[in-house]
Amino acid sequence: MEQNSISKESYKKLLDAIFPIILKNGMKGTTMDKVAQTLAMSKRTLYEIFDSKEEMLKKVILYYHRNHIGRITKIFEESTTVIEAFYHILKNHHKVMGQANPDFFRDMDSDYAKLRRVYDRHSDSWQDNLLRAIDKGVSQGVFSADLNYPILLKMFRIQMESLKRMEEFLPEDVTLPEAFDIVSMSFLRSIASQEGMTILENVRKEDLKTESK
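Here you go:
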């Protein structure tokens, strides 16, 4: 039934508006009532666009992943070196982590396992793209050439996925985004060459200056 009652542009804006609601409340906690109330629209109108809550969740998650890949592609196109691109990609993910309720990831593992499989397919595909990007980074001289990157990327992904589900075990003075930032920067530093490390630290300093303004 999707988008029968609204324009394509309005439909995209609606998906964009629903995603933060899902992040904040988790899959289970995102009801049609909550979405309608948050967006100041009637639940009837919402059901005219989506047949069910499950359809809404699926459409929003798939739309987010398509846009995410588009954002990452743009970052690579606009970055001078691959290590700069990796930094900005991780910063982008950091922002999402800051908005996400841990229930979002737990729900993906349990009640919404089908969506989890969709998420994993995208992640597996993107890992192949990352390996190609790393090869380019090695040729640019910003990544070390003597590392087992297929295993390193898999281990890094496991770390990231574990962090998303361990917020309740973090020390009280450490937030999930802060933990993500520490782990992701440690990963980048571990694979950077001497030249790459210089570039990384300069990019990070400029980013921190921008944030402090």
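Residue numbers (my numbering): -14 to 198.
Note that the Cβ used here is the ideal one computed from N, Cα and C, for glycine as well.
Out of the options, which has the shortest C-alpha to C-alpha gap to residue i?
i: Ser175; options: Phe128, Leu161, Arg189; result: Phe128
i: Ser37; options: Val20, Lys194, Leu24, Ala25; result: Val20
i: Glu180; options: Tyr32, Val123, Leu0, Asp131; result: Val123
i: Arg117; options: Phe61, Met26, Val168, Glu163; result: Phe61
i: Leu(-1); options: Ile184, Met41, Glu163, Thr195; result: Met41
i: Leu31; options: Lys44, Lys43, Met17; result: Met17
i: Lys43; options: Glu63, Ala25, Thr15, Met26; result: Thr15
i: Thr23; options: Ala2, Arg29, Glu39; result: Ala2
For residue i, which beta-bridge partners are listed by DSSP?
i: Ala177; result: Phe128
Taking residue i as part of the alpha helix (DSSP H), name the residues at either end of that continuous run.
i: Thr58; result: 38 to 63
i: Glu154; result: Residue identity check: residue 154 is Phe in the sequence provided, not Glu. Here Phe154 belongs to no alpha helix (DSSP H), and DSSP marks it neither H nor E.
i: Leu(-1); result: -7 to 14
i: Lys71; result: Reading the sequence as shown, one finds Phe at residue 71 and not Lys. Its alpha helix (DSSP H) spans residues 67 to 84.
i: Thr30; result: 28 to 34
i: Ala225; result: Residue 225 falls outside the range modelled here, since the chain spans only -14 to 198, and no answer is possible.
Is the CB-CB distance between residue i and residue j below 9 angstroms?
i: Asp92; j: Lys13; result: yes
i: Leu155; j: Val168; result: no
i: Leu138; j: Leu161; result: no
i: Phe4; j: Tyr72; result: no
i: Ser171; j: Gly126; result: no
i: Ile46; j: Ile(-9); result: no
i: Leu185; j: Leu193; result: no
So, do the region 60 to 72 and the region 137 to 147 have three or more beta carbon pairs nearer to each other than 8 angstroms?
-> no
Is there contact here, the region 53 to 61 with the region 71 to 82, by at least three beta-carbon pairs under 8 angstroms?
-> yes
Could you tell me whether the region -3 to 14 touches the region 79 to 93, where touching means 3 or more Cβ pairs closer than 8 angstroms?
-> yes
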